[in-house]
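Heads up: the structure comes next, in structure tokens.
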DNA sequence: CCCGCTATTGCAAGCGTGTGCAAATGCTGC
DNA sequence: GCAGCATTTGCACACGCTTGCAATAGCGGG
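Chains as they are written, first to last, in this note's numbering: chain A, 29 to 365; chain B, 29 to 365.
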């Protein structure tokens, strides 16, 4: 291990002929330094290659500038897009993102939060899974902020950002009916997360309100391969559906591909399809998928804004919940847009 | 701002009735503590919710455990996959990933490295762009390790991981010729990064070795939309190519979609296509793309392994370069696999 | 020339941890 | 019981920084 030799404020001070505090103040916005001292310090710092040690600064200030992003399956298009938006906006707010990958077990989220505590992160943003209540409470008690995106949790303290999954799913029923579809199906994964289930319930309820039934099928995890299997299952039924709402765009891509290539069905003529997330692939001309857009940019903006706000103590007792609308993006996978 | 109140080793020591060093040693692997003291410390720590302050530990040890990942366009499938692999393997090695997003400007990479220095990162892994030589040297002098993935840079010190882009591109010529293709084209972006250009040169050279010419077209940045434009340009030529090698899978997807939907061409009957990266979408049945696989898992493994190695001083003067082979994944977009 | 005020500067304490060193403790064998 | 040894423990300093406090310098007005 080669020795790390970073230059310290002390050395800069000596070179500039000032005290260590002068150096410190030069790099602290709003501190009181004369223009002349500042100039000499900056000059010396530049010559020596000095950079403030954020570890030490964080130790003193009790504020590390670190925000933990806790997420599983980063490589998934929707997750990756949200991640991009979050890191970008965090950077603009002067924070830095620490990325912690979780698997789909509950324990891994807890481990991630423990790591966030260890690095004295200012906040943690959870995109996947749910932490144990006790560890979440520990974070909050320690003064760490918590943001839950598309997760459902009832304990007070964290900011919760959610979409109107239920209502959105209801709106797609109307679109299918207007296109003349009569046999509706819902393709879901077995993951069973609250947002996926809300879409399912919303779709079923919306159909029932119009006196229609929905064939629900669930399989595997929320990915392309699962979509293929779901198509396999739904399209070999005696009563083939003529419209299917997929809980996720990835599922929809898999679904459309087998519908076309294995069952030679034409979309949207014989089968209308809708998805959810509006991942980039949904706009590719092979899919041209009508879907609900995740407002990733707004989600990130709201989260970062909330983190940057000065927060009174009282606030932690009241409801912190944001409900965003998922807008329907019309494309060619449903007749008569 | 609500006050942060983390519990310190001091408090744990008092509760457990031992000295603070005992607490410290309990959480330091390999330190000398008796079983009994350890038990009492762990018990007290658990009751109080104590977590070692990694900021302070990093300050003392001169080793933060942080590794910076410097990357632009995180949401791109290949980047996201590499990112997943890296964060995962870093975690397994006991490190933690700090994600820094850059735009496509040079300066943003420099800013990222400055941040890496400020947080006293143990290492930085650069996936996009190239840092200024002076700032890279500053990192190395400070004892920070540098890894460049698919970037070309000649200065000694960093570990460079590259693929055999040139040779791989040559191999695809053979595949095209064996499929009976005669009019070859290469679709590239204008990004001009070394790996993209190496693929282009390798393809052209390989063709020329067999006495064939290549139509080269370049446009925009390396994404789906650029692929569409490239198809537009190449397929409206008087002499339509019957085989096209796209510098990237994303380009290939865009290319295939317009070839099919706008020019009604059949793949691979009228047009053979190959790509590079083997992103997930390449295996989707709408594309079924023959392509070269980025060995993301190996890349990440090699990088992490190198970081974890104890490194003698001398090593920083010799060549640190790894050349990995890109394996051809045969699918249906070239005739006669 | 001195007073009062303000803008700047230096001192030193403290943030939470690791670790060398010496003291203390426990254990073995006689 | 005691010497000899290995293991464990506590003390105190160091890491690089911020910041309250007091001292100093600068300066205009009387």
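Note that CB positions come from ideal geometry on N, CA and C, so glycine has one too.
All values reported here derive from a predicted model rather than from experimental measurement.
- Counting only runs of 4+ residues, the alpha helix (DSSP H) found wholly inside the stretch 167 to 251 of chain B occupies 193 to 206, 222 to 237, in chain order.
- Under a criterion of Cβ atoms nearer than 7 Å, the residues of chain B adjacent to residue 109/A are, in order, 103.
- A Cβ of chain A is located within less than 8 Å of the beta carbon of residue 124/B.
- Residue 138/A places its beta carbon less than 8 Å from that of residue 163/A.
- Taking the CA atoms as reference points, residue 229/A sits about 39 Å from residue 290/B.
- Within chain A, 34, 79 have C-beta atoms less than 8 Å from the C-beta of residue 145/B, given in sequence order.
- Judged by beta-carbon spacing, residue 280/B lies within the 8 Å limit of residue 255/B, meaning their Cβ atoms are closer than that value.
- With fewer than 16 other Cβ atoms inside 10 Å of its own Cβ, residue 71/A counts as exposed.
- Taking the Cβ atoms as the reference, residue 188/B lies roughly 24 Å from residue 103/A, outside the contact range of under 8 Å.
- Within its own chain, the residues whose Cβ lies closer than 6 Å to the Cβ of residue 324/A, once the five positions on either side in sequence are excluded, are 109, 110, 113, listed in chain order.
- Contacts with chain A (Cβ-Cβ distance below 8 Å) from the stretch 302 to 318 of chain B involve 308, 309, 312, 313, 314, 315, listed in chain order.
- For residue 52/A, same chain residues with a beta-carbon under 7 Å away, outside a window of 5 residues either side, are 37 in chain order.
- Shown here, residue 261/A sits in a helix according to DSSP, grouped into three states.
- Selection 202/B, 209/B, 362/B, 191/B evaluated against residue 305/B yields 191/B as nearest (Cα-Cα).
- Here residue 219/A has 249, 250 as same chain residues with Cβ atoms under 7 Å from its own Cβ, once five neighbours each way along the sequence are excluded.
- Close partners of residue 86/B in chain A (Cβ separation under 7 Å): 83.
- The C-alpha of residue 98/B lies about 25 Å from the C-alpha of residue 84/B.
- With its beta carbon less than 8 Å from one in chain B, residue 115/A belongs to the interface.
- Our two residues, residue 101/A and residue 132/A, have alpha carbons roughly 9 Å apart in a direct line.
- Residue 352/B is positioned such that its CB atom lies closer than 8 Å to that of residue 327/B.
- The three-state secondary structure of residue 126/B, taken from DSSP, is strand.
- Contact between the stretch 305 to 324 of chain B and the stretch 150 to 165 of chain B is not established, with fewer than three Cβ pairs separated by less than 8 Å.
- Between residue 247/A and residue 217/A, the C-beta gap is smaller than 8 Å, which places the two residues in contact.
- Under a criterion of Cβ atoms nearer than 9 Å, the residues of chain A adjacent to residue 285/B are, in order, 312, 313, 314.
- For residue 38/A, the closest Cβ of chain B is not nearer than 8 Å.
- Along the stretch 238 to 262 of chain B, going in chain order, the ones with a CB nearer than 7 Å to a CB of chain A are 252.
- The beta carbon of residue 115/B sits closer than 6 Å to the beta carbons of 125 from its chain, once the five residues preceding and following it are set aside; these are given in chain order.
- Restricted to the stretch 76 to 118 of chain A, the alpha helix (DSSP H) segments that are unbroken, complete and at least 4 residues in length are 82 to 89, listed in chain order.
- Put simply, the stretch 138 to 155 of chain B touches the stretch 166 to 182 of chain B. At least three CB pairs are less than 8 Å apart.
- One alpha carbon belongs to residue 272/B, the other to residue 180/B, and they sit about 26 Å apart.
- Taking 8 Å as the threshold, the shortest C-beta distance from residue 148/A to chain B falls below it.
- Excluding the 5 residues flanking it on each side, residue 76/B has same chain C-beta neighbours closer than 7 Å at 35, 39, 40, 43, in chain order.
- In this structure, the beta-carbon distance from residue 286/B to residue 310/B does not fall below 8 Å.
- In chain order, 238 place their CB closer than 7 Å to the CB of residue 205/A, counting only its own chain and leaving out the 5 sequence neighbours on each side.
- Sequence-distant partners of residue 209/B (beyond 5 residues in either direction) whose C-beta falls short of 7 Å from its own C-beta, in its chain, are 270, 271, 300.
- Among the residues facing chain B, residue 112/A is included, as its CB has a counterpart in that chain under 8 Å away.
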